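Participant: I have a structure I would like to understand better, so I am pasting it below and will then ask my questions one at a time.
Protein chains in written order, with the working numbering: chain F, 236 to 599; chain E, 236 to 599; chain H, 236 to 599.
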């Protein structure tokens with residue numbers, strides 16, 4: 236990492252600098268393992284002992300901290316610790332080691348346009364007529380399909396796969412192995428499928444008759460807004476006729492699956508291994524914990540929060556906080572779960588009651 | 236997309252064409268967003284208003300629709316809408332933009348054979364003695380291991396990984412990042428492992444003793460039938476001694492995991508994020524919703540249907556429809572779940588009963 | 236596979252050889268499908284009929300087996316069958332077909348060092364200043380980031396992605412598509428996020444207010460011990476400031492996710508699709524079945540065993556065996572579940588009791 240002075244870092248964070256603000260640091264570290272050229276991260280008084288144990292000469296500290304008493308030469312004091320962490324890590328993140336321009340091994344298709352200041356890595360393939368925005372960084376082995384448009388300041392890590400005819404806004408980030416625009420998983424049977432029948436009847440058996448699956452191809456591609464991040468090995472499938480769409484500011488973690496024809500709103504946050512089936516509509520500002528599942532063809536309203544492991548099997552209205560399998564309101568879930576924990580005891584109590592109630596009949 | 240006339244499309248769908256059947260379309264669209272060169276998809280009367288709002292001159296319509304009253308110049312009327320969608324999207328899907336022949340950057344191993352009419356993309360690696368069937372399309376960065384055989388008309392998207400000694404039938408489709416033939420996850424401990432002990436005792440504690448894991452290598456590869464599709468970033472692991480096998484016609488969605496030594500039947504459908512542990516036997520025509528899990532070394536009979544999120548922890552007989560964690564028959568699940576919803580109230584009722592029953596004791 | 240004599244195999248397994256120990260085999264097979272050059276695997280008397288049906292001349296047999304009566308020319312008798320399978324499959328596994336040395340298409344960055352006897356495949360990219368140990372085998376399309384260090388005897392399959400500044404010990408195995416060192420999924424909101432609020436209140440509704448996510452970058456990379464295996468398309472994310480760490484001997488299956496800042500101990504075993512959220516501490520010898528989820532910022536003690544599908548939502552002490560959503564002790568889970576199965580009947584009983592209890596009130 237390049238060196239930064241305490242003054243530069245404080246300015247970038249909009250925070251107050253103290254002491255020898257010309258002092259330079261080349262990295263950040265936890266207080267106890269910080270070396271003399273690291274900025275120690277000690278945004279809470281509980282880290283004071285760690286500072287004493289480490290070798291940092293400068294630290295990020297809580298508001299009002301007595302940096303001199305902590306034996307430091309310089310300090311920056313900040314409010315919300317994680318906001319400061321955001322600014323600091325952004326400054327120190329060098330990103331992938333990519334030379335400017337198009338690497339001689341990369342293949343750029345006929346009619347494709349690469350924006351100014353872009354860095355295209357080894358073995359990258361950019362399809363025919365694709366457009367890549369200014370200052371894009373595309374790491375080795377990534378591929379971008381024909382006719383796809385990606386906005387400015389994109390960062391595609393190694394091995395990212397973007398399909399054909401995809402539209403992506405500015406400041407897109409895709410982690411290694413992310414796949415945008417694979418074909419949707421869409422099959423039809425000539426007659427009603429046994430899956431459709433099972434949903435209708437909710438019976439415990441079905442006729443188990445053989446059925447062959449006929450493929451519906453995906454022509455609709457994907458449209459992503461601005462400021463979207465897609466995690467490692469996550470998949471956003473193409474729509475059938477219209478595109479699968481995701482609104483600006485939405486962040487998607489590793490191994491998430493968003494199926495064909497979904498419409499996802501703005502500023503959502505999906506943790507790892509979330510799976511959203513086909514043709515789901517999700518509002519803005521929705522937060523899904525890890526492993527949340529959503530069944531196909533439903534809607535999830537604005538601002539819904541679902542805890543980790545929740546399986547959403549029916550529509551969820553705006554603002555609801557849900558949990559469980561199937562999903563219910565969080566407080567209902569807690570109440571049901573507490574009752575379930577006590578259920579073995581309840582069964583014993585009912586057995587005792589039956590006994591005591593039936594006895595009088597005998598003795599009467 | 237290339238232009239097609241209404242007559243050509245109707246012939247391909249085996250459907251009836253009306254009006255100016257020489258009219259050409261170059262794409263398909265939802266009625267309200269269709270341009271003058273799109274075929275509007277309006278297979279239900281509820282889309283009539285959409286047609287009026289859009290600019291389509293031709294549409295796919297429901298049986299008996301009055302296409303002239305809808306202001307169209309031409310129309311095709313169809314029965315089961317999704318079957319028509321299947322035929323239409325197949326016609327219009329151009330597939331990946333790959334030049335015929337072997338791209339100069341691709342590497343074809345010694346003794347490998349590429350079928351007639353195949354298109355092998357940039358940076359593809361085909362292993363020694365592999366055989367690729369006629370008309371295969373293999374997109375950039377895919378790799379095929381030594382000795383592997385893939386049938387005719389395969390479509391491997393970018394970055395697909397096929398291991399060594401794999402046998403695959405005709406018309407195989409693999410989405411980006413799919414992995415067929417990785418090593419199975421198979422470990423043994425010199426003495427009984429704590430996982431085995433926990434299963435036997437079902438106790439809530441174990442001795443937590445250290446154990447080292449000794450690897451069992453995978454020699455058995457994978458055998459896939461005809462007409463199989465594997466989704467993006469899905470994994471089908473190699474068997475230990477005999478191959479992991481999947482029957483013809485089975486369709487597998489994104490991020491599905493099929494472990495070593497599994498035997499999966501014909502015409503199954505596994506939605507995204509399904510996970511099947513080692514040495515499971517699955518019959519024909521089995522349908523798994525998203526995120527279904529199956530524990531190792533069990534069997535699932537023909538025609539079983541499991542709802543999204545189900546965890547199957549024991550054998551499931553033919554024709555059963557299951558749900559829940561652990562899986563039970565669908566109707567049992569519904570009954571149990573309804574009772575659980577009412578459980579907090581039931582607990583209150585039991586408390587009241589205890590009160591009313593105990594009172595007589597006091598007053599007696 | 237190269238030929239081995241029965242004597243050689245027995246010596247490698249530390250087992251007893253019988254009969255014509257100079258006989259050569261070139262593969263292993265199940266008894267009924269074994270050819271004359273295969274070693275049949277029949278480590279249990281139940282396979283005796285299979286031996287008769289197949290053509291094997293030599294077999295791996297149970298202790299004390301009468302190999303002559305089974306019609307064999309040679310045999311090896313072994314104790315714990317799966318331990319023998321481990322040794323045998325290791326002998327017969329040729330691994331990926333890679334020529335020694337660096338393939339002419341591979342790119343090795345400035346200052347990078349490749350160990351003696353390494354085989355680096357086509358289209359591999361090794362970053363600036365990376366160090367790869369002796370005898371490493373790195374298959375096609377893999378990439379290793381700048382400054383990363385990988386120990387001796389590594390096996391990276393096709394398309395593996397190792398990020399920058401990662402430290403990996405000896406004998407590392409990574410299956411196709413595995414990603415080590417992608418950026419962690421870490422976001423902050425200027426004010427308290429609605430996810431934090433939901434956890435605190437456990438209420439069923441929230442204000443659904445819009446919030447924008449500010450990124451925290453990952454500077455901490457990943458540190459892996461010796462003898463670690465990572466499955467296909469699995470992801471181990473980089474830490475924020477300090478590294479995400481995994482102890483020696485831990486084995487991780489396909490599509491597992493280990494988030495940023497996690498600390499995982501030695502000799503753990505995580506089955507497919509396990510997901511571990513950020514900043515979790517996991518002890519040594521922990522065993523997770525498939526699809527286990529672990530919520531962020533908790534600890535899981537040494538030797539914990541969690542059954543497939545378990546969602547761990549709070550700390551788990553050492554030695555515990557857990558199951559369920561949320562996770563409870565295995566025996567508690569069994570008891571709760573049995574009670575739940577009987578719950579519909581219990582509800583009927585309570586209704587009957589209410590009737591019988593209320594009747595006296597009427598007749599009094």
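All C-beta atoms, glycine included, are put in the ideal place defined by N, C-alpha and C.
None of these values were measured; they are calculated from a predicted model.
Mapping the DSSP letters down to three states, classify residue 402 of chain F as helix, strand or coil.
Facilitator: In this structure, residue 402 of chain F counts as strand in the three-state DSSP scheme.
Participant: Report the option in H:424, H:525 and H:443 whose CA atom is closest to the CA atom of residue 320 of chain F.
Facilitator: Closest option to residue 320 of chain F, Cα to Cα, is H:424.
Participant: Just how far apart, CA to CA, sit residue 274 of chain E and residue 457 of chain F?
Facilitator: Whole-angstrom Cα-Cα distance: 20 Å.
Participant: Does any residue of chain H have a CB that is nearer than 9 Å to the CB of residue 420 of chain E?
Facilitator: Yes, residue 420 of chain E lies at the interface with chain H (some Cβ there is under 9 Å from its Cβ).
Participant: Show which residues of chain F have a CB atom less than 8 Å away from the CB atom of residue 520 of chain E.
Facilitator: Chain F residues near residue 520 of chain E: 429, 443, 444, 445 and 446.
Participant: For a quick check, are the C-beta atoms of residue 403 of chain E and residue 386 of chain E less than 9 Å apart?
Facilitator: Closer than 9 Å, so yes.
Participant: Starting from the C-beta of residue 468 of chain F, find all residues in its chain whose C-beta is less than 7 Å away, skip the five residues before and the five after it, and write them out in chain order.
Facilitator: These residues qualify, in order along the chain: 412, 413, 489 and 490.
Participant: Under 9 Å between the Cβ atoms of residue 371 of chain E and residue 360 of chain E?
Facilitator: For residue 371 of chain E and residue 360 of chain E, no; Cβs fall outside 9 Å.
Participant: What are the boundary residues of the alpha helix (DSSP H) that includes residue 435 of chain H?
Facilitator: Note, residue 435 of chain H: alpha helix (DSSP H), 429–436.
Participant: Look at the alpha carbon of residue 267 of chain E and the alpha carbon of residue 483 of chain F, and state the distance between them as a whole number of angstroms.
Facilitator: If I take the Cα positions, the gap works out to 24 Å.
Participant: Taking residue 453 of chain H as the reference, which of F:419, F:324, F:238 and F:240 has the closest Cα?
Facilitator: Among F:419, F:324, F:238 and F:240, the Cα nearest to that of residue 453 of chain H is on F:324.
Participant: Within the continuous alpha helix (DSSP H) that includes residue 566 of chain E, where are the two ends?
Facilitator: Where residue 566 of chain E is concerned, the enclosing alpha helix (DSSP H) stretches over 565–576.
Participant: Flag this pair as touching only if the stretch 339–352 of chain H and the stretch 470–484 of chain E have three or more C-beta atom pairs under 8 Å; answer yes or no.
Facilitator: With a cut-off of 8 Å, the stretch 470–484 of chain E and the stretch 339–352 of chain H do not count as touching, because too few Cβ pairs lie within range.
Participant: Does the stretch 549–558 of chain F come into contact with the stretch 547–555 of chain E, if we say contact requires no fewer than three beta-carbon pairs (one atom in each stretch) closer than 8 Å?
Facilitator: The stretch 549–558 of chain F is not in contact with the stretch 547–555 of chain E.
Participant: Which same chain residues end up closer than 8 Å to residue 598 of chain F when comparing Cβ atoms and leaving out the 5 residues on each side of it in sequence?
Facilitator: Note that residue 598 of chain F scores 44 on pLDDT, short of 50, meaning its location in the model is unreliable; the coordinates nonetheless yield the value given after this. Nothing meets the Cβ criterion.
Participant: Could you have a look at residue 284 of chain H and say whether DSSP puts it in helix, strand or coil?
Facilitator: Helix at residue 284 of chain H.
Participant: List, from N- to C-terminal side, the alpha helix (DSSP H) runs of 4 residues or more that fit wholly inside the stretch 304–369 of chain E.
Facilitator: Qualifying alpha helix (DSSP H) stretches, in chain order: 316–327.
Participant: With 9 Å as the C-beta to C-beta threshold (strictly closer), list the residues of the stretch 355–380 of chain H near chain E in chain order.
Facilitator: If the cut-off is 9 Å between Cβ atoms, the stretch 355–380 of chain H has 356, 357, 358, 374, 375 and 376 near chain E.
Participant: Hey, which unbroken runs of the alpha helix (DSSP H) at 4 residues or more fall wholly within the stretch 433–511 of chain H?
Facilitator: With a minimum length of 4 residues, no continuous alpha helix (DSSP H) run stays inside the stretch 433–511 of chain H.
Participant: Under 8 Å Cβ-Cβ, which residues of chain E neighbour residue 299 of chain H?
Facilitator: Within chain E, no residue comes near residue 299 of chain H; the closest Cβ sits about 20 Å away, beyond 8 Å.
Participant: Using the Cβ count rule (16 or more neighbours within 10 Å means buried), how would you classify residue 526 of chain F?
Facilitator: With 16 or more other Cβ atoms within 10 Å, it is buried.
Participant: Shorter than 9 Å from the beta carbon of residue 492 of chain E to some beta carbon of chain H?
Facilitator: Cβ-Cβ to chain H under 9 Å: yes for residue 492 of chain E.
Participant: Thinking just about the alpha-carbon of each residue, which of E:502, E:508 and E:524 is nearest to the one in residue 518 of chain E?
Facilitator: With distances taken between Cα atoms, residue 518 of chain E lies closest to E:502.
Participant: Between residue 580 of chain F and residue 462 of chain E, what straight-line distance do the alpha-carbon atoms span, to the nearest angstrom?
Facilitator: If you take the alpha carbons of residue 580 of chain F and residue 462 of chain E, they lie about 54 Å apart.
Participant: According to the neighbour-count rule (16 or more other Cβ atoms, all chains shown, within 10 Å of its Cβ), is residue 474 of chain H buried or exposed?
Facilitator: Per the 10 Å Cβ criterion, buried.
Participant: Flag residue 267 of chain E as yes when its Cβ comes closer than 8 Å to any non-hydrogen atom of the ligand NAD, and as no otherwise.
Facilitator: Absent from the structure shown: the ligand NAD. Ligands present: none.
Participant: State the DSSP-derived secondary structure class of residue 393 of chain E, mapped to helix, strand or coil.
Facilitator: Coil, per DSSP.
Participant: At what residues does the beta strand (DSSP E) containing residue 246 of chain E begin and finish?
Facilitator: Per DSSP, residue 246 of chain E belongs to no beta strand (DSSP E); it is in the alpha helix (DSSP H), 241–248.
Participant: Spatial neighbours of residue 578 of chain E within its chain, please: C-beta separation below 6 Å, excluding the five flanking residues on both sides.
Facilitator: Answer for residue 578 of chain E: no residue qualifies.
Participant: Looking at C-alpha atoms only, which residue of E:442, E:511, E:420 and E:416 is the closest neighbour of residue 428 of chain E?
Facilitator: It is E:442.
Participant: With distances taken between CB atoms, is the gap from residue 493 of chain H to residue 470 of chain H smaller than 9 Å?
Facilitator: Yes, the pair counts as a contact, with Cβ atoms nearer than the cut-off.
Participant: Among the candidates E:280, E:588, E:384 and E:407, whose CA atom is the shortest distance from the CA of residue 304 of chain E?
Facilitator: Comparing Cα positions, the closest option is E:280.
Participant: Ordered along the chain, which non-local residues of its own chain (more than five positions away) have a Cβ less than 7 Å from that of residue 505 of chain F?
Facilitator: Taken in chain order, the residues that qualify are 487, 488, 491 and 523.
Participant: Determine, for residue 504 of chain E, whether the minimum Cβ-Cβ distance to residues of chain F falls below 9 Å.
Facilitator: It does; some Cβ of chain F falls within 9 Å.
Participant: Could you work out which residue in H:533, H:556, H:531 and H:532 is closest to residue 520 of chain H when comparing CA atoms only?
Facilitator: When each option's Cα is compared against that of residue 520 of chain H, the closest is H:556.
Participant: Under 9 Å Cβ-Cβ, which residues of chain F neighbour residue 468 of chain H?
Facilitator: Under the 9 Å cutoff, chain F gives 412, 467, 468 and 490.
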